[in-house]
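Just so we're aligned, residue 116 is where the sequence shown starts under the numbering used here, counting upward by one.
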Amino acid sequence: MRAPGDILLISCYELGHQPFQLASLLARLGQAGYSPRPVDTAVETLTPEAIRQARFVAISVPMHTALRLGEQIAQRIRTLNPAAHICFYGLYALLNAEYLLQSTIDSAIGGEYELPLLSLIEALEQAESRAIPGVYTRLAPSEPWIQRSAFVVPDRSQLPPLERYTRLAWQGTARLTGYTETTRGCKHTCQHCPLTPIYQGRFFAVPAHIVLADIRGQVTQGAEHITFGDPDFFNGPTHALRIARAMHQEFPAVTFDATIKVEHLLHHRHLLPELRDLGCIFVVSAIESINDTVLSRLDKGHTKADVAEVFDLMEQVGIVLRPSLMPFSPWETLESYRELLTFFEERRLVEHIDPVHFSIRLLIPPGSALLDTPGSEAWAGALDAAEYTHRWQHPDPHMDDLQRQVADAVQQAEQTQADPLETFFRIKALALTTAGQDMCLSCALKQYGPRKILPHLTESWFC
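Put into structure tokens, the structure is as follows:
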């Protein structure tokens, strides 16, 4: 296991960023004396030679899209190298372990993955077949590994350069963008979030000197902007600001973005002017819906009124708010979906959001906290393991039809690089047609007025 290439580390998709999970594992295994070979299949080719040489393969699956791609890669590896041990690690690995272990993989790790994965490699190296805490296998199921371990500075030296990844589009330029995390896990337990069944409200702060060293290395590579990819940057606002202040002091020209809950933005509003002055140019926030019934079911911690307030607040502060949505769930209605579109149109907020968000449909992975909510048996169907989700149908069939139409329209728009504002109004036209109404597309575009040019990453944010 010690020879270069004996261990193959694979990333499939990390939202267009240089893969953080790969860099973290490279550092930990290198520290232990191993020489893993990393491959980011989002921008690199996984060669047959690399597959055949590997004795151990770890595939990062931090999200649904990565899992789908990862399973395809694992099947290819199994064909070319049947003897290799294939391990999935990351948020979606353990949630889907029972299905994946039937044929595709040999082990799965969820939660704080580095230490269990290192222990697994050491056991395989010594030909030991013992159960390892945090490692789920066919013979020995395991819970997620949710314990603090010693963090190390991610090793990005073997990864493709930042030029291969997403950029910040702002002020007529496309700026190289780095990525890091100041915390892991999340103290909130939103019912639909895949973090909830794994971390169950726990989170760990990464020491500031580790985060700053990672930022420093990426700035050296040319990064002019940093994405803080924590599930919530304000899980520990004191910790977050300490890092933002230190980064700004060392690199005053470097900007950043972060993900922060609506309730945190409102509760910590007094911190936002400083956040802006430290270089924060936009914040991603999982608004999901403006239907209060939906928000209550998801236990989001905010209301429709809060959404309106937070947009006004961020406008006043001077930080762009870029929401993410999940507008298709069993509790959304055709009327509330139209209200959502109207909200963005009337408040001139269409430029704040990528059109794909108007197509997102609720996913219910195995172990989802939603399955434990009262009345879930009325709408949650059987598990479709191969799709990594429980099936569900909307009580109004028109909503399922509309979701498919919107998804198709968004996909076509992305393929043709259509104007996002025009795509938005095409989505609105679909919703109105479903409700038996007509719309003049050219009239809507003209009435909307001048468009705002806002900072954004060149890769859309969704799971």
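All residues carry an ideal CB built from backbone N, CA and C; glycine is no exception.
Here the structure is a predicted model, which is why all the values come from computation and not from measurement.
Note down the Cα distance separating residue i from residue j, rounded to an integer number of angstroms.
{"i": "T504", "j": "A368", "result": "43 angstroms"}
{"i": "G337", "j": "K302", "result": "33 angstroms"}
{"i": "W507", "j": "Q518", "result": "13 angstroms"}
{"i": "P151", "j": "E159", "result": "16 angstroms"}
{"i": "V326", "j": "R357", "result": "11 angstroms"}
{"i": "V176", "j": "C558", "result": "44 angstroms"}
{"i": "S411", "j": "D516", "result": "25 angstroms"}
{"i": "Q562", "j": "L536", "result": "12 angstroms"}
{"i": "V172", "j": "E447", "result": "41 angstroms"}
{"i": "I396", "j": "T370", "result": "7 angstroms"}
{"i": "P480", "j": "D499", "result": "9 angstroms"}
{"i": "A493", "j": "T418", "result": "25 angstroms"}
{"i": "G316", "j": "Q306", "result": "11 angstroms"}
{"i": "N211", "j": "C308", "result": "15 angstroms"}
{"i": "E229", "j": "W260", "result": "10 angstroms"}
Cβ of residue i within 7 angstroms of any heavy atom in the ligand MG?
{"i": "R391", "result": "What this structure holds is no ligand at all, so the ligand MG is not there to describe."}
Which residue comes first and which comes last in the beta strand (DSSP E) that contains residue i?
{"i": "G496", "result": "495-499"}
{"i": "I655", "result": "The question about residue 655 has no answer here: the residues shown for the chain are numbered 116 through 578."}
{"i": "S139", "result": "Here S139 belongs to no beta strand (DSSP E); instead the alpha helix (DSSP H) covers 135-146."}
{"i": "L203", "result": "First, the amino acid is wrong: residue 203 is Phe here, not Leu. Counting along the chain, the beta strand (DSSP E) containing F203 begins and ends at 200-204."}
{"i": "H379", "result": "That residue, H379, is in no beta strand (DSSP E); its alpha helix (DSSP H) goes 377-382."}
{"i": "I341", "result": "340-343"}
{"i": "T298", "result": "298-300"}
{"i": "F319", "result": "318-320"}
Taking all protein chains shown into account, do 16 or more other C-beta atoms lie within 10 angstroms of the C-beta of residue i, making it buried, or fewer, making it exposed?
{"i": "Q133", "result": "buried"}
{"i": "H58", "result": "A query on residue 58 cannot be resolved here, the shown segment of the chain reaching from 116 to 578 and no further."}
{"i": "K543", "result": "buried"}
{"i": "A255", "result": "exposed"}
{"i": "Q333", "result": "buried"}
{"i": "R279", "result": "exposed"}
{"i": "A118", "result": "exposed"}
{"i": "S272", "result": "exposed"}
{"i": "P276", "result": "exposed"}
{"i": "Q136", "result": "buried"}
Determine the extent of the alpha helix (DSSP H) in which residue i is found, giving its start and end residues.
{"i": "F349", "result": "Looking at the DSSP string, F349 is not in any alpha helix (DSSP H), and its letter there is neither H nor E."}
{"i": "V521", "result": "512-531"}
{"i": "A212", "result": "212-215"}
{"i": "A189", "result": "179-195"}
{"i": "I313", "result": "310-314"}
{"i": "D538", "result": "As written in the sequence, residue 538 is Thr, which differs from the Asp given in the question. Where T538 is concerned, the enclosing alpha helix (DSSP H) stretches over 535-549."}
{"i": "S451", "result": "449-461"}
Pop quiz: residue i and residue j are said to be a contact at Cβ under 8 angstroms. What is the actual Cβ separation, rounded to whole angstroms?
{"i": "L232", "j": "Y204", "result": "6 angstroms"}
{"i": "F349", "j": "H379", "result": "4 angstroms"}
{"i": "K376", "j": "S400", "result": "6 angstroms"}
{"i": "E296", "j": "D345", "result": "5 angstroms"}
{"i": "P438", "j": "I402", "result": "4 angstroms"}
{"i": "L291", "j": "R282", "result": "6 angstroms"}
{"i": "L206", "j": "L310", "result": "7 angstroms"}
{"i": "V521", "j": "S483", "result": "That belief does not hold up - the Cβ atoms of V521 and S483 are roughly 23 angstroms apart, past 8 angstroms."}
{"i": "L141", "j": "D270", "result": "4 angstroms"}
So, do the stretch 436-455 and the stretch 174-183 have three or more beta carbon pairs nearer to each other than 8 angstroms? Taking 8 angstroms as the limit for Cβ pairs, the verdict is that the stretch 174-183 does not touch the stretch 436-455.
Would you say the stretch 463-470 touches the stretch 273-293, given that touching needs at least three Cβ pairs under 8 angstroms? Contact fails: fewer than three Cβ-Cβ distances are below 8 angstroms.
Would you call the stretch 123-137 in contact with the stretch 232-246, where contact means no fewer than 3 C-beta pairs closer than 8 angstroms? Flag = no, the stretch 123-137 and the stretch 232-246 do not touch.
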